[in-house]
Amino acid sequence: MSGAGVTGFFFAHQDDETLQGAAAVANQVQTGRSVHLVCLTDGSAAVVRTRELAEILGYTPTRQEFAEARWAEFDEAGSRLGVPRPRRHTTGIPDKEVTVAAAREVMEAFLGEHPGADLVAHSFLDAHPDHRNIGKALDDLRAEEGVSARFCFSRRYDGVVPTPRRWLERAEALDPAVVAERYVTLDLDRRWWSVGALSSGGYFDSWLADPYAIVHLGSDAFGSAEERAAAFDWVEKQGGYR
122 MSGAGVTGFF
132 FAHQDDETLQ
142 GAAAVANQVQ
152 TGRSVHLVCL
162 TDGSAAVVRT
172 RELAEILGYT
182 PTRQEFAEAR
192 WAEFDEAGSR
202 LGVPRPRRHT
212 TGIPDKEVTV
222 AAAREVMEAF
232 LGEHPGADLV
242 AHSFLDAHPD
252 HRNIGKALDD
262 LRAEEGVSAR
272 FCFSRRYDGV
282 VPTPRRWLER
292 AEALDPAVVA
302 ERYVTLDLDR
312 RWWSVGALSS
322 GGYFDSWLAD
332 PYAIVHLGSD
342 AFGSAEERAA
352 AFDWVEKQGG
362 YR
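Okay, so the sequence shown: first residue is 122 according to this note's numbering, each after it adds one.
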């Protein structure tokens, strides 16, 4: 890691910082680094807004109401991970509209404010286009500008697609039930809508049982040319980058 003392984490949606990155975030906080969480989208496109949540509430919340509920979940989780409010950010890009160029612009702006910072983002090997575009933006910055980069890989694809050199991170100081409480608790009186749990298809159950993070290096760290080719062939089958 660099000597700048700042680590910026870049995720697409409100819950990704927990499900994919919480252990890595907690470890960076524990070492005394100045940690920032950046959520790039408003999270408003999740289908649970008009289905499961609408059934629970008895009405369909507006996209704005839904986005605000998701931000509140992200904000609470960030606080419980030890990231102060001034270092929890959102760019408000519409959900499912993150491009490589847009993500890179966000990261470059962050680096302009925090030169030499370490950056961590989604893996560029992910089935969700917002996720993999964010990862591709960081991998490009690593390759072209020498930015210190690490990538959080989804356990959903573990064993499905080869990755560059990787490791598991666990954090002794991380209490998963505390960090995820607002994501998994339905309490209409407190306006806790549990969007994270509703929209993640059981991901929270897996994470709560074992809250590790899978972290890997950039695309120059595959074990072989064959692994690299197989990984990017898989990405193309998911729709590639945009």
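Every residue, glycine too, gets a C-beta built ideally from N, C-alpha and C.
Keep in mind it's a predicted model, so treat the numbers as computed, not measured.
#1: Going by beta-carbon coordinates alone, are Ser-275 and Asp-247 separated by less than 8 Å?
#2: How about Thr-212 and Val-227: are their beta carbons less than 8 Å apart?
#3: Leaving aside the five residues before and after Val-168 along the sequence, list all residues of the same chain whose C-beta is less than 8 Å from its C-beta, in chain order.
#4: Based on DSSP bridge pairs, tell me the residues matched to Val-169.
#5: Closest to Thr-162 by CA distance: which of Arg-291, Leu-140 and Asp-216 is it?
#6: With a threshold of 6 Å on Cβ separation, who are the neighbours of Arg-271 within its own chain once the five nearest residues in sequence on each side are excluded?
#7: Any contact between the segment 251-260 and the segment 218-237? By contact I mean 3 or more CB pairs, one from each, below 8 Å.
#8: Ignoring anything shorter than 4 residues or poking outside the segment 230-278, list the alpha helix (DSSP H) runs there in chain order.
#9: Whole alpha helix (DSSP H) runs in the segment 168-216 with 4 or more residues, listed along the chain?
#10: Should the segment 173-186 be regarded as contacting the segment 141-153, the criterion being three or more beta carbon pairs within less than 8 Å?
#11: With respect to the alpha helix (DSSP H) encompassing Phe-343, which residues constitute its N-terminal and C-terminal limits?
#12: Please identify the residue among Gly-280, Val-316, Ser-327 and Glu-218 whose C-alpha is closest to the C-alpha of Pro-250.
#13: Is the separation between the beta-carbon of Thr-152 and that of Arg-170 shorter than 8 Å?
#14: What do you get for Gln-141, buried or exposed, if any count of 16 or more other CB atoms within 10 angstroms of its CB means buried?
#15: Relative to the C-alpha of Asp-331, which residue among Ala-301, Phe-130 and Gln-185 is closest?
On the basis of the coordinates in this document:
#1: In this structure, Asp-247 lies closer than 8 Å to Ser-275 by Cβ.
#2: Taking a C-beta distance under 8 Å as the contact criterion, Thr-212 and Val-227 qualify as a contact pair.
#3: Within the same chain, and ignoring the five residues on either side of Val-168 in sequence, the residues whose Cβ sits closer than 8 Å to its Cβ are Ser-320.
#4: Looking at the DSSP assignment, Val-169 forms no beta bridge with any residue, so it has no partner.
#5: Per the C-alpha coordinates, the member of Arg-291, Leu-140 and Asp-216 positioned closest to Thr-162 is Asp-216.
#6: So the list reads Val-241 and Val-336, once near-sequence residues are dropped.
#7: Flag = yes, the segment 251-260 and the segment 218-237 touch.
#8: Taking 4 residues as the shortest admissible run, the segment 230-278 contains the following complete alpha helix (DSSP H) segments, listed from N- to C-terminal end: 250-266.
#9: Complete alpha helix (DSSP H) runs here, min 4: 173-178 and 184-201.
#10: Contact between the segment 173-186 and the segment 141-153 is absent: fewer than 3 CB-CB pairs across the two stretches fall below 8 Å.
#11: No alpha helix (DSSP H) contains Phe-343, which DSSP labels as neither H nor E.
#12: Minimum Cα distance to Pro-250 is reached at Glu-218.
#13: Contact annotation: Thr-152 and Arg-170 have beta-carbon atoms that are not nearer than 8 Å.
#14: Buried, because 16 or more other Cβ atoms sit within 10 Å of the Cβ of Gln-141.
#15: Of the candidates Ala-301, Phe-130 and Gln-185, Ala-301 places its Cα closest to the Cα of Asp-331.
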